[in-house]
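Report on one structure; see the data block that follows.
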Amino acid sequence: MIEIVSETRCVSCNLCVSVCPTNVFDRGEDGIPVIARQSDCQTCFMCELYCPADALYVAPDPDENVTVTEEALTERGLLGGYREKIGWGPGRKPISAHEYMYKLAQRAIP
């Protein structure tokens, strides 16, 4: 479930507002999106994937109640963490590119 929109990282592009299939966000008066309907979040990660500033955190277990702070997430490198693991963003590679079996399979493909 969507937990955090970082006001310090957000660049007010509002892509998260546009890509959310369940209309969880509203555009804030200052241009920064606000989580308006958190209970409608389907934990699809679309908002986090499309955020160019890694300003969002979606908790991976929608049934678990979590209390997170932006500071704790930043410290643990979790803001935009799903996007990084998928390999979205400049200079990023999917985590599977670092795994042994992936590299082995790449050598086997002519």
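Using the numbering used here, the letters of the sequence shown correspond one by one to residues 1000 to 1109. The C-beta atom is built at its ideal place from N, Cα and C for all residues, glycine as well. Model, not experiment: these values are computed from the prediction.
1. I'd like the span of the beta strand (DSSP E) that includes residue 1003, first residue to last.
2. Run the CB neighbour count on residue 1079, radius 10 Å, all protein chains shown included, and call it buried at 16 or more, exposed below.
3. Just curious, the beta strand (DSSP E) that residue 1034 is in, first and last residue?
4. Thinking C-beta only, is residue 1034 closer than 9 Å to residue 1011?
5. For residue 1056, which beta-bridge partners are listed by DSSP?
6. Out of 1005, 1022, 1081, 1055, which one is the CA nearest neighbour of residue 1041?
7. Could you check the C-alpha separation between residue 1081 and residue 1000 for me, to the nearest Å?
8. Between which residues of its own chain and residue 1088 is the CB-CB distance below 7 Å, once the five residues before and five after are set aside?
9. Within its chain, find whatever has a CB closer than 6 Å to the CB of residue 1008; leave out the 5 residues flanking it on each side and keep chain order.
10. Just to confirm the assignment, what range does the alpha helix (DSSP H) spanning residue 1075 have?
11. By DSSP, does residue 1025 sit in helix, in strand, or in coil?
Inspection of the coordinates gives the following:
1. It spans 1001 to 1004 - the beta strand (DSSP E) in which residue 1003 sits, taken as one unbroken run.
2. By the 10 Å Cβ count, residue 1079 comes out buried.
3. Counting along the chain, the beta strand (DSSP E) containing residue 1034 begins and ends at 1032 to 1034.
4. Not a contact, by the Cβ cut-off of 9 Å.
5. Bridge partners of residue 1056: 1003.
6. Nearest C-alpha to residue 1041: 1022.
7. Between residue 1081 and residue 1000, the C-alpha separation is close to 13 Å.
8. Sequence-distant Cβ neighbours of residue 1088 in its own chain, meaning closer than 7 Å and more than five residues away, are 1082.
9. The answer, listed in chain order, is 1052, 1054.
10. Per DSSP, the continuous alpha helix (DSSP H) segment holding residue 1075 begins and ends at 1069 to 1075.
11. Look at residue 1025 here: in three-state DSSP terms it is strand.
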